[in-house]
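The sequence shown maps to residues 12 to 99 in the numbering used here.
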Amino acid sequence: MPSRPADLVSEPDSTVNVTGGGAGGVQVAGGGTLYGNNLTVTSASKAAIRSDRGGGIMVIDGGTYTSEGSSGCPVIYSTADITVKNAV
């Protein structure tokens, strides 16, 4: 039976500031699960909220999310099941 990544619960009221390296702000991949509550996320190169290869589940409640990359850089990029509510 293949192993599955553990669920991740972020520290509430945290700040994530990504300035380079092609990384996104908060991300889930490989079938993992991530819960974020009232985060402040700024990304300079990829989506502030994103999923990638293998998908997964991401639940974001509250907070502020900004993508400042070149045109076409979305705030949310999804290949997973993502729920975002009460966010700016």
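C-beta atoms are modelled at their ideal positions from N, C-alpha and C, and glycine is treated no differently. Since the structure is predicted, the reported quantities are computational estimates derived from the model, not experimental observations.
- Beta-bridge analysis with DSSP links Val99 to no other residue.
- A straight-line Cα-Cα distance of about 8 Å links Tyr88 and Ala59.
- By the neighbour-count criterion, in which 16 or more other beta carbons inside 10 Å mark a residue as buried, Ser78 falls on the buried side.
- Less than 9 Å separates the beta-carbon of Ala34 from that of Ser54.
- Taking 9 Å as the cut-off, the Cβ atoms of Met69 and Gly42 do not count as close.
- For the stretch 44 to 83, the full-length beta strand (DSSP E) segments reaching 3 residues or more read 60 to 62, 67 to 78 along the chain.
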